[in-house]
Amino acid sequence: LIVVQTAADLTPADVGAITEEVSVTGRVSELQATSGERSFTMESEVIKNIASNGRALFQFATLVPGVVSQNTSGSVEGQVSAFTVNGQRPNSNNMTIDGVANIDTGDNGGNMATTNIDAVAEFKILTNAYQAEYGRAVGGQVQVVTKSGTQSFHGSGYWYGRRSDWNANTWSNKRAAAPAPVGNGKEIALPDSSRNDYGYTLGGPIYIPGVFNQEKKKLFFFWSQEFQKRLDPVSNRDTRVPTALERAGDFSQSLDSSGNPFPYVRDYQLAQA
34 LIVVQTAADL TPADVGAITE EVSVTGRVSE LQATSGERSF TMESEVIKNI ASNGRALFQF
94 ATLVPGVVSQ NTSGSVEGQV SAFTVNGQRP NSNNMTIDGV ANIDTGDNGG NMATTNIDAV
154 AEFKILTNAY QAEYGRAVGG QVQVVTKSGT QSFHGSGYWY GRRSDWNANT WSNKRAAAPA
214 PVGNGKEIAL PDSSRNDYGY TLGGPIYIPG VFNQEKKKLF FFWSQEFQKR LDPVSNRDTR
274 VPTALERAGD FSQSLDSSGN PFPYVRDYQL AQA
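Quick note on my numbering: the sequence shown kicks off at 34 and runs consecutively.
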């Protein structure tokens, strides 16, 4: 804020004097006085700026103290039952989207619908001492609030891609290129994989002539759509098929997975002889 005195207010000694005032304000942390619940909230801008493996919404839950992932393989958190809160069971979590329950009551854990990250305005998880209205489950309460339209049109478009060629090879695959007996002299290549996540969002006012005043818009819309195309890596799989003798009904030469004779399958005709 800059305040400048007029010439009528200036004395001969004050000619050319300028008074400057700089005001710095900061957001004060709000005191939660309505309840004793322990909760953590992430708004749209925070969600947009934090990297999420596989663009999975429930990845953000693992940032909260007391939340432990159940995926030991490092896979993506794709379900609300993929983590525990304060030692409770994974199927003790609850999830709502805009206040509507989004839980598969068949297993009482998995969520029914998957929400696009770009359509989320607020992601909130309650972990302890929440009110009776959240009494359906004793674990975490995950609340998702979707975006809505505004007084003006806004939209976005995005694309996220993955390629196996962009990744470095693993240490064990490179170690195979060592000479025998350590390796076989040939490096093992990564299996082919790719992933494309792309979509768009669009929101704004709805104007109906003769019904709503255009200057005071009260009806809005928001639309979000995402597509995914992926090629998952396929590991080598060995499948056993019947031998020529087995197809003829002779199991006397059948072997187990270790190459030993399989004693549990017997030929009825040979047993009679």
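Glycine included, each C-beta is placed from N, C-alpha and C at the ideal position.
- The alpha-carbon separation between S205 and P212 amounts to approximately 14 Å.
- For a cut-off of 8 Å, the C-beta gap from G143 to L159 is around 19 Å, too long to register as a contact.
- Sorting R263, Y191, T272 by C-alpha distance to the C-alpha of S257 places Y191 at the top.
- Residue state for D198 is assigned as helix, using DSSP reduced to three classes.
- The C-beta distance from E259 to G232 rounds to 3 Å, short enough to meet the 8 Å contact threshold.
- Membership of L278 in any beta strand (DSSP E) is not indicated; the residue belongs instead to the alpha helix (DSSP H) covering 277 to 280.
- The C-alpha of K157 is placed about 7 Å away from the C-alpha of S72.
- Per DSSP, the beta bridge partners of Q261 are D230.
- Listed in chain order, the non-local C-beta contacts of T203 below 8 Å within the same chain comprise L223, local neighbours out to five positions each way being set aside.
- The C-alpha of N127 is placed about 18 Å away from the C-alpha of N104.
- Here T95 carries a helix assignment [DSSP, helix/strand/coil].
- Inclusion of T117 and I130 in the CB contact set at 8 Å is not warranted, their separation being larger than that value.
- Counting only the Cα atoms, G111 lies some 20 Å from N82.
- With fewer than 16 other CB atoms across the displayed protein chains lying within 10 angstroms of its CB, F253 is exposed.
- Residue environment analysis places V177 among the buried positions, since at least 16 neighbouring C-beta atoms fall within 10 angstroms of its C-beta.
- If you draw a straight line from the Cα of T52 to the Cα of V79, it comes to about 39 Å.
- Counted as a single uninterrupted DSSP element, the beta strand (DSSP E) harbouring E76 occupies residues 71 to 76.
- Ranked by how close their Cα comes to the Cα of R273, the residues S291, S285, A170, L264 have S291 in first place.
- Around the Cβ of I241, a 10 Å sphere holds fewer than 16 other Cβ atoms; the residue is exposed.
- For the segment 151 to 224, the full-length alpha helix (DSSP H) segments reaching 4 residues or more read 204 to 208 along the chain.
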